[in-house]
Amino acid sequence: MAQVTEIQRFPPQKADEEVAHERDFVRGVPAGLLSLEAAIIAILDLVLPDEILLGTVRDGRLRVRVPIRVRFRREDQHVVAEAAELDEFGFGANLSEALADLQDAIGELYFTLEREQGRLGPDLRRVWTVLQQKLMRRL
Amino acid sequence: MPVLVAVLICDAAVADPSSGKKNLIGIFDQLNVARFPTQWPVTIYMKLTDAEGFYKMEVRYVQVSSGQVLAKAELESQFTSRLVSADLFVPFPPLPVPSEGRYEFQIWANEVYLGGTFMNAVQRKTQG
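Those sequence lines, one after another, are chains B and H. With the numbering used here, the residue at position 55 of the first sequence is 214, and numbering never jumps. With the numbering used here, the residue at position 66 of the second sequence is 525, and numbering never jumps.
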C-alpha cells in the first residue's frame, strides 16, 4: 500500500476558477464543562430527565415533522421511555438504550399501521392519525 | 425539523483556506485509556439539512451509564433554505472520562433531540 509522506497544499485558486465547495463552518462554543473531579462525584446516581422532545426515529425512510414528546421513568433496573400520544414504549438499561428502542418501535408501528390502515379499530386509527401528523415518509 | 445527516468525533476539523473544503482529522469512536479517570480533547463535526430559520443548537456530552451531562456546547445557526446544508463543528477542551464505558454526544436543536454518536472508553491492554 502506498504511503503518503508529504501533504501539499494546492495553490490558492483564482477568481475565475471553479471552486467545489466554499461554505463556511459554523463553530460551536463549549458552554459548560464539569471538572474531572466533579464528573467522578456526579455519576453516583442515574440522572433521568422527566421528558424530552424527540426529533428523529432510527429509520431512514421516515422523517419527523412534529417532535414527539417522550417521558422517562425507572422500573427496577430498567429505564422506560414512553411516547404517551402513540401508546408506545421503549426499554433499556439506560436512557440511550430506552430511547433507541422506542425509536425503533415507533418506526415499526408506522409501517405496520400504514399496511393495515383499512382494518384498524378506533384506538389504532387514532394512533395512525397522530403518527401521520408527526411523521412523514421521505420521498 | 432539521435532519442530522452526519455526526462524527475527530481530533480536529479544519477548512482548507484555498477551497473552503472541510477536512476532518483523526476520526475515531474508541478511546484506549491507560488509567481512569482521564481527560481527552475532541472535536464534533455535524452536517444538518432540511432546516429553515433560526436554530439554537446544543451538543451534550453524556455518560451513558449514568445519564449525567458532563459537558455541553452551544451554537446558533441560521438556515435560509431547506435545500441547503450546514457544516458545524465544536472543538471541545479536554473532556472528563471518569470511567470505562460508553459516552454519547447528543445533538439538540431548539430543545429537540436530533440524534447523536457514541465514543467507547476502554482500558488499554498492556502488552506482554
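Note that the Cβ used here is the ideal one computed from N, Cα and C, for glycine as well.
Range of the contiguous alpha helix (DSSP H) that encloses residue i
{"i": "residue 293(B)", "result": "281-293"}
{"i": "residue 273(B)", "result": "254-274"}
Terminal residues of the beta strand (DSSP E) in which residue i lies
{"i": "residue 571(H)", "result": "571-582"}
{"i": "residue 485(H)", "result": "481-486"}
{"i": "residue 524(H)", "result": "Neither: residue 524(H) is in no beta strand (DSSP E) and is coded neither H nor E."}
{"i": "residue 213(B)", "result": "210-213"}
{"i": "residue 507(H)", "result": "502-508"}
{"i": "residue 563(H)", "result": "560-568"}
{"i": "residue 555(H)", "result": "554-556"}
{"i": "residue 511(H)", "result": "Taken as a continuous stretch (DSSP letters only), residue 511(H) belongs to no beta strand (DSSP E), as it is neither H nor E."}
{"i": "residue 497(H)", "result": "497-499"}
{"i": "residue 493(H)", "result": "Where residue 493(H) is concerned, there is no enclosing beta strand (DSSP E), given that its DSSP letter is neither H nor E."}
{"i": "residue 463(H)", "result": "462-474"}
{"i": "residue 221(B)", "result": "221-223"}
{"i": "residue 229(B)", "result": "227-234"}
Where residue i sits in the DSSP three-state scheme
{"i": "residue 245(B)", "result": "helix"}
{"i": "residue 187(B)", "result": "coil"}
{"i": "residue 163(B)", "result": "Confidence in residue 163(B) is poor, its pLDDT being 42 and thus under 50, which makes the residue's placement unreliable; the coordinate value appears in the next sentence. Residue 163(B) falls in the coil class under three-state DSSP."}
{"i": "residue 277(B)", "result": "helix"}
{"i": "residue 169(B)", "result": "Confidence is the limiting factor: at residue 169(B) the pLDDT is only 46, short of 50, which leaves the residue's position unreliable and the question unanswerable from this model."}
{"i": "residue 538(H)", "result": "strand"}
{"i": "residue 194(B)", "result": "coil"}
{"i": "residue 585(H)", "result": "coil"}
{"i": "residue 547(H)", "result": "strand"}
{"i": "residue 296(B)", "result": "strand"}
{"i": "residue 239(B)", "result": "strand"}
Within chain B, partners of residue i - CB distance below 7 angstroms
{"i": "residue 515(H)", "result": "Result: empty, since nearest Cβ-Cβ is about 11 angstroms, beyond 7 angstroms."}
{"i": "residue 462(H)", "result": "222"}
{"i": "residue 518(H)", "result": "187"}
{"i": "residue 551(H)", "result": "189"}
{"i": "residue 533(H)", "result": "187, 188 and 190"}
9 angstroms Cβ cut-off: residues of chain H touching residue i
{"i": "residue 211(B)", "result": "567, 570, 571 and 572"}
{"i": "residue 219(B)", "result": "Ordered by position in chain H, no residue passes the 9 angstroms Cβ test against residue 219(B), which lies about 10 angstroms from the chain."}
Under 8 angstroms from the C-beta of residue i: neighbouring residues of chain B
{"i": "residue 489(H)", "result": "Ordered by position in chain B, no residue passes the 8 angstroms Cβ test against residue 489(H), which lies about 17 angstroms from the chain."}
{"i": "residue 547(H)", "result": "184, 185, 186 and 187"}
{"i": "residue 536(H)", "result": "185"}
{"i": "residue 563(H)", "result": "255"}
Residue i CB to nearest heavy atom of the ligand ADP below 6 angstroms
{"i": "residue 557(H)", "result": "Among the ligands in the structure shown, none appear at all, so the ligand ADP cannot be discussed."}
Test: residue i CB closer than 7 angstroms to a CB of chain D
{"i": "residue 582(H)", "result": "Chain labels in this structure do not include chain D; the protein chains are B and H."}
Chain H residues whose Cβ lies nearer than 8 angstroms to that of residue i
{"i": "residue 289(B)", "result": "The contacting residues do not exist; residue 289(B) stays about 16 angstroms from chain H at best."}
{"i": "residue 281(B)", "result": "Going along chain H, no residue has its Cβ under 8 angstroms from residue 281(B), so there is no contact; the nearest lies around 29 angstroms."}
{"i": "residue 271(B)", "result": "Per Cβ cutoff of 8 angstroms: no residues; residue 271(B) is ~23 angstroms from chain H at best."}
Within chain H, partners of residue i - CB distance below 7 angstroms
{"i": "residue 266(B)", "result": "None at all; the shortest Cβ gap to chain H is about 14 angstroms."}
>> Taking contact to mean 3 or more Cβ pairs, one atom from each stretch, closer than 8 angstroms, check whether the region 270-284 of chain B and the region 468-480 of chain H are in contact.
In response: no
> Do the region 507-522 of chain H and the region 564-574 of chain H make contact, defined as three or more Cβ pairs closer than 8 angstroms?
Replying inline: yes
> Is the region 544-551 of chain H close to the region 490-506 of chain H, with three or more CB pairs under 8 angstroms?
Replying inline: yes
> Any contact of the region 518-535 of chain H with the region 248-257 of chain B, i.e. 3+ C-beta pairs under 8 angstroms?
Replying inline: yes
> Just checking, does the region 572-586 of chain H make contact with the region 484-501 of chain H on the three C-beta pairs under 8 angstroms criterion?
Replying inline: yes
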